[in-house]
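Visitor: Protein chains in written order, with the working numbering: chain A, 146 to 563; chain B, 146 to 563. Next up is a structure, given as structure tokens.
2 protein chains.
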Amino acid sequence: MDIAEIIKTISQDARQAAIQLANLSTSIKNDMLFEMANALVDGSDWLISENAKDLKMGAEKGFSPAMLDRLMLDSKRIKGMADSLREVANLPDPVGEITKMWKRPNGLMVGKMRIPLGVIGIVYESRPNVTADAAALCLKSGNAVVLRGGSEAINSNRAIASLLKQIMKELSIPEAALSLIPFVEREGVLEMLKQEELIDLIIPRGGESLIRFVVENSRIPVIKHYKGVCHAFVDVSADFNMATEIIVNSKTERPGVCNALETLLIHKDVAPAFVPHISKTLNSLKVELRGDEFFRKYSPGAKEATEDDWAAEYLELILACKIVDNMDAAIEHINRYGSLHSEVIITNDYSNSQRFIREVNSSCVLVNASTRFNDGGQLGLGAEIGISTTKLHSFGPMGLEDLTTTKFIVYGDGQVRV
Amino acid sequence: MDIAEIIKTISQDARQAAIQLANLSTSIKNDMLFEMANALVDGSDWLISENAKDLKMGAEKGFSPAMLDRLMLDSKRIKGMADSLREVANLPDPVGEITKMWKRPNGLMVGKMRIPLGVIGIVYESRPNVTADAAALCLKSGNAVVLRGGSEAINSNRAIASLLKQIMKELSIPEAALSLIPFVEREGVLEMLKQEELIDLIIPRGGESLIRFVVENSRIPVIKHYKGVCHAFVDVSADFNMATEIIVNSKTERPGVCNALETLLIHKDVAPAFVPHISKTLNSLKVELRGDEFFRKYSPGAKEATEDDWAAEYLELILACKIVDNMDAAIEHINRYGSLHSEVIITNDYSNSQRFIREVNSSCVLVNASTRFNDGGQLGLGAEIGISTTKLHSFGPMGLEDLTTTKFIVYGDGQVRV
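Here you go:
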């Protein structure tokens, strides 16, 4: 069989298995996840030896230390993967939840019930823990999952998947509900993205080039997350200490992630007092500031910001800074340059706080809190499979619920339409 | 400017207008819809004269009487359009609804708030009333809308759109929030389907070939509805009179629509008693029966069903009939041949009713009620923009809520991530 046929067969088997997965009881799914966690820990030695093959290949290919680190498994990381599986097991099962129910004038009881999406495809890179994390979230929400990890982690991914599948076999859960595409060729991804009759959703996890490749080649709906150009707006009434703490946390707590702050907007009326204060603090934390003319007036050490800076996702200790006339100008700037990810207003003005919440339509809009809270775990969803910056189906961090849909259910006693 | 540039400009203007539309108050949106309804009625004579041009073109092109009828506007139909606009005005506004709110251990209040999707593209055929209906649903839910009707109704659609836009102008609502692509060439559709940076969702309304054309050519997410192969399963414990009424209503009340019954599954234990009964009733209503061998044993006048009949959406007075061993076999048949549209069980067995509701994952699953209830109005959503048979974002009839998404909102008092 060629690649196309094998991937079609994997997808067909996944679709068949999805019918059974949709009807598994919560307790069986949870038992499975706890057993899988134990199997990973028990198999640590073998996982580490398989991972060593990938590390060796990577070193031969000249991977950077950072890339090799992302790829590496040790017993601590394996324990972390196992803990993630247990965390998913402990989350509520969304399947079967009746989200609403109402009565029609003719006596029909109409409701909406959560059901799995069916078959979910995950296309990812590097970190082998995604194999376990993504599988756990898809299976717990009653979906079958087809995984396609990067060629650089193929041995690690295969080993993890085989340990997880062994547990499914022992518990008589159809193993086809968890498949790993066995090819390292890019053709494997392309064939997977053509299975629109068999796979319901594709979630890419990785760098922007991977995501763009998937979006451009997929006939299956894709939920994606391109980048996070996150903004903070310091309003006239902001408490300077609070503003400073939030800006420092948003920018520096972990600069390399998508919910880190990239652009600071400051109301012109507080600029003379606040800009020197925040500049000093950020400079002491080695944050490079790039400001417009007005900002640089009060922060002489700042570099000049260009048009590119307003759209930049730096992912490092650089912050674009701009003085704005008022909140309207701040919102207009966000609409123009933002990426619909996370925006915060720092204010003590009731009316402005409400307007910002209402009028800024990013995936997470905050008042007086760090942008770093736009994260499934931090917002209380439990583990997340990604953060969507497109509005269809899911917007923001995606938890278990976002891997389901709802069907209408109708209880009648003989009603017909007249 | 060429077609591509004009369509890009229309889409850019729509995106800009969408920002303002998202923040319109409910009362202004409702005023607009009531005024639009009046404008259509007041403009009846002109609409009818513009419509006459389309009818003349259609007659010259040799349209069938049914096609010309779909295209035709008279004062009664215009009044119907106006009533639909008023109905949408009277529906609750989904925008701004907080669907959930919870408190985190650190004191953050986290919620989900409904917001518009942004810009919605509607690609449709024939019936000019879609111009008003679709515009009303999109605008009421705070979205901008780009309409592309069929070339056969171009004069009617232009006239309707211009009356609606006149009201927007009078009320200082950005007119760019409602655009009609002015080209009759198919290139116009193709260009529209390429605006993935500007249009958030495409909803095709029309025949299967139009829908397939849109799906195959769109880079924008599409919510689609292919066909309805709806099933009824008559269980052992079914009340025969109730079963007969539901089957007759589902099949014959309006056979040409997607929620009409196409396949009847009967439990083998009731076949000897029920098949002669239902056959006689359906024969008297001129329904052609096509049965498997077992069915024909008790319904000698029935034709032989072939494999094609199990997958057929007849949309006329024909019914495929099959005897099944039990409910498992019924569900298996539905999974194999169904189109995820509407399925009903007729039963008085509690356990089977619950299992059917749980295990059949179609967009609407009913117990003891006609499949004809799978309709936005009948289920209580108000006007619908279509019925989705794909699971992502929306599944089943789509009302105003389905033209929105939710963003996360976070109220803090200085929290940072530690």
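C-beta atoms are modelled at their ideal positions from N, C-alpha and C, and glycine is treated no differently.
Quick check for students: name the residue ranges of the beta strand (DSSP E) that lie wholly in the segment 270-337 of chain B, counting only runs of 3 or more.
Guide: 289-293 and 323-325
Visitor: Below 8 Å between beta carbons is the criterion; list the residues of the segment 163-186 of chain A that meet it against any residue of chain B, in chain order.
Guide: Ile-164, Ala-167 and Asn-168
Visitor: Quick one: which chain A residues come within Cβ less than 9 Å of B:Ala-241?
Guide: The residue given as residue 241 of chain B occupies position 96 in the second sequence. Correcting the residue type first, residue 241 of chain B is Gly in the shown sequence and not Ala. What B:Gly-241 touches in chain A: Arg-503.
Visitor: Run through the DSSP bridge pairs and tell me what A:Thr-408 is partnered with.
Guide: Translated into the one-based positions of the first sequence, residue 408 of chain A becomes position 263. Beta-bridge pairing links A:Thr-408 to A:His-376 and A:Ala-465.
Visitor: Take B:Leu-460 and list the residues in its own chain whose beta-carbon comes closer than 6 Å to its own, dropping the five residues that flank it on each side.
Guide: Walking along the second sequence from the start, residue 460 of chain B turns up at place 315. Gly-401, listed in sequence order.
Visitor: Would you mind sorting B:Arg-331 into buried or exposed? The rule is 16 or more other CB atoms within 10 Å of its CB.
Guide: Counted from its first residue, the second sequence places residue 331 of chain B at position 186. When all chains shown are included, B:Arg-331 counts as exposed.
Visitor: Shortest alpha-carbon distance to A:Ala-227 belongs to which of A:Gly-188, A:Lys-198 and A:Ala-204?
Guide: For this step, residue 227 of chain A is matched to residue 82 along the first sequence. Closest by alpha carbon: A:Gly-188.
Visitor: Would you please verify whether the beta carbon of A:His-478 is less than 8 Å from any beta carbon of chain B?
Guide: In the first sequence, counting from the first residue as 1, residue 478 of chain A sits at position 333. Answer no: the Cβ-Cβ gap between A:His-478 and chain B never drops below 8 Å.
Visitor: Taking the beta strand (DSSP E) that A:Arg-399 falls in, what are its first and last residues?
Guide: The residue given as residue 399 of chain A occupies position 254 in the first sequence. Run containing A:Arg-399: none; DSSP gives neither H nor E here.
Visitor: Three or more C-beta pairs closer than 8 Å, one from the segment 256-271 of chain B and one from the segment 332-350 of chain B: is that the case here?
Guide: A contact exists between the segment 256-271 of chain B and the segment 332-350 of chain B.
Visitor: Near A:Arg-441, which residues of its chain fall below 6 Å by C-beta distance, leaving aside the five closest residues on each side in sequence?
Guide: Translated into the one-based positions of the first sequence, residue 441 of chain A becomes position 296. Around A:Arg-441: Ala-447.
Visitor: Could you have a look at A:Arg-160 and say whether DSSP puts it in helix, strand or coil?
Guide: Locating residue 160 of chain A in the first sequence gives position 15, counting from the first residue. Of the three classes helix, strand and coil, the one that applies to A:Arg-160 here is helix, per DSSP.
Visitor: Going along the chain, which residues of its own chain have a beta-carbon closer than 8 Å to the beta-carbon of B:Gly-252, five neighbours each way excluded?
Guide: Stepping through the second sequence from its first residue, residue 252 of chain B is reached at position 107. If we look at B:Gly-252 and ignore the five residues flanking it on each side, its Cβ neighbours are Gly-557, Asp-558 and Gln-560.
Visitor: With distances taken from CA atoms, which of B:Leu-200, B:Ala-514, B:Glu-205 and B:Arg-249 is nearest B:Asp-214?
Guide: Here residue 214 of chain B refers to the residue found at position 69 when the second sequence is read from its first residue. When only C-alpha atoms are compared, the closest one is B:Leu-200.
Visitor: Leaving out the 5 sequence neighbours to the left and right, which residues in its chain are closer than 7 Å to A:Leu-335 when beta-carbon positions are compared?
Guide: Along the first sequence, one-based indexing puts residue 335 of chain A at 190. Around A:Leu-335: Asn-362.
Visitor: Please name the residue in B:Gly-436, B:Ser-271, B:Arg-160 and B:Arg-364 whose C-alpha comes closest to that of B:Pro-319.
Guide: Reading the second sequence from its first residue, position 174 is the one you call residue 319 of chain B. Answer by Cα proximity: B:Arg-160.
Visitor: Using a Cβ-Cβ cutoff of less than 6 Å, which residues in the same chain neighbour B:Gly-527 once the five nearest sequence positions on both sides are dropped?
Guide: As a working note, residue 527 of chain B is residue 382 in the second sequence. The answer, listed in chain order, is Leu-236 and Gly-544.
Visitor: Jot down the residue ranges of each uninterrupted alpha helix (DSSP H) in the segment 495-521 of chain A, minimum 4 residues, whole runs only, in chain order.
Guide: 495-504
Visitor: B:Met-217 to B:Leu-185, Cα distance in whole Å?
Guide: Counting from one through the second sequence, the residue named residue 217 of chain B turns up at place 72. Counting from one through the second sequence, the residue named residue 185 of chain B turns up at place 40. So the alpha carbons of these two residues sit roughly 15 Å apart.
Visitor: Determine the DSSP secondary structure at A:Phe-540, reduced to helix, strand or coil.
Guide: As a first step, residue 540 of chain A is located in the first sequence; it is residue number 395 there, counting from the start. DSSP places A:Phe-540 in coil when its eight states are reduced to three.
Visitor: Against chain A, with Cβ distances strictly below 8 Å, would B:Arg-293 count as a contact?
Guide: Taking the first residue of the second sequence as 1, we reach residue 293 of chain B at position 148. No, B:Arg-293 lies away from the interface with chain A (no Cβ there is under 8 Å from its Cβ).
Visitor: Indicate the three-state DSSP secondary structure (helix, strand or coil) for B:Thr-492 in the structure shown.
Guide: Counting from 1 along the second sequence, the entry for residue 492 of chain B is found at position 347. It is coil, neither helix nor strand.
Visitor: Do you know offhand how far A:Glu-458's Cα is from A:Glu-150's?
Guide: Here residue 458 of chain A refers to the residue found at position 313 of the first sequence. Here residue 150 of chain A refers to the residue found at position 5 of the first sequence. Each residue's alpha carbon lies about 40 Å from the other.
Visitor: Taking 8 Å as the CB-CB limit, is A:Ala-279 close to chain B?
Guide: To locate residue 279 of chain A, count along the first sequence from 1; it is residue 134. Not an interface residue.
Visitor: Determine the closest residue to A:Asn-300 out of A:Ile-155, A:Phe-328 and A:Leu-524, with distance taken between C-alpha atoms.
Guide: Residue numbering aside, residue 300 of chain A sits at position 155 when the first sequence is read from its first letter. Closest by alpha carbon: A:Phe-328.
Visitor: Helix, strand or coil for B:Leu-427 per DSSP?
Guide: Mapped onto the second sequence, residue 427 of chain B falls at position 282. DSSP places B:Leu-427 in helix when its eight states are reduced to three.
Visitor: Whose Cβ in chain A lies nearer than 9 Å to the Cβ of B:Asp-345?
Guide: For the purposes of this step, residue 345 of chain B is taken as residue 200 along the second sequence, with counting starting at 1. What B:Asp-345 touches in chain A: Thr-535, Lys-536 and Leu-537.
Visitor: Nearest by alpha-carbon distance to B:Arg-272: which of B:Arg-222, B:Ala-475 and B:Asn-519 is it?
Guide: As a working note, residue 272 of chain B is residue 127 in the second sequence. Checking every option, the nearest Cα to that of B:Arg-272 belongs to B:Arg-222.
Visitor: Please list the terminal residues of the continuous alpha helix (DSSP H) segment that includes A:Glu-242.
Guide: As a working note, residue 242 of chain A is residue 97 in the first sequence. Here A:Glu-242 belongs to no alpha helix (DSSP H), and DSSP marks it neither H nor E.
Visitor: Determine the extent of the beta strand (DSSP E) in which B:Glu-433 is found, giving its start and end residues.
Guide: On the second sequence, position 288 is the one that residue 433 of chain B refers to. That run of the beta strand (DSSP E) goes 433-436.
Visitor: With 16 as the cutoff for other CB atoms within 10 Å, does B:Asn-288 come out buried or exposed?
Guide: In the second sequence, counting from the first residue as 1, residue 288 of chain B sits at position 143. The residue is buried, with at least 16 neighbouring Cβ atoms inside 10 Å.
Visitor: I want to see whether chain A comes within less than 8 Å of B:Trp-247, judged by CB atoms only; does it?
Guide: Start at 1 with the first residue of the second sequence, and residue 247 of chain B comes out as number 102. For B:Trp-247, the answer is yes, since a Cβ of chain A falls inside 8 Å of its Cβ.
Visitor: Would you list, in sequence order, the uninterrupted alpha helix (DSSP H) runs of no fewer than 4 residues that lie entirely inside the segment 161-195 of chain A?
Guide: 171-187
Visitor: Could you list which residues in chain B have their beta carbon closer than 9 Å to that of A:Asp-558, in chain order?
Guide: Within the first sequence, residue 558 of chain A is the residue found at index 413, counting from 1. Those are Met-387, Val-512, Asn-513 and Ala-514, listed as they occur along chain B.
Visitor: May I have the straight-line CA-CA distance separating A:Ser-395 from A:Ala-388, to the nearest angstrom?
Guide: As a first step, residue 395 of chain A is located in the first sequence; it is residue number 250 there, counting from the start. As a first step, residue 388 of chain A is located in the first sequence; it is residue number 243 there, counting from the start. Answer to the nearest angstrom: the Cα atoms are 10 Å apart.
Visitor: Is it buried or exposed, A:Ala-211, if we count other Cβ atoms within 10 angstroms and call 16 or more buried?
Guide: The residue you call residue 211 of chain A lines up with position 66 of the first sequence. Burial call: exposed.
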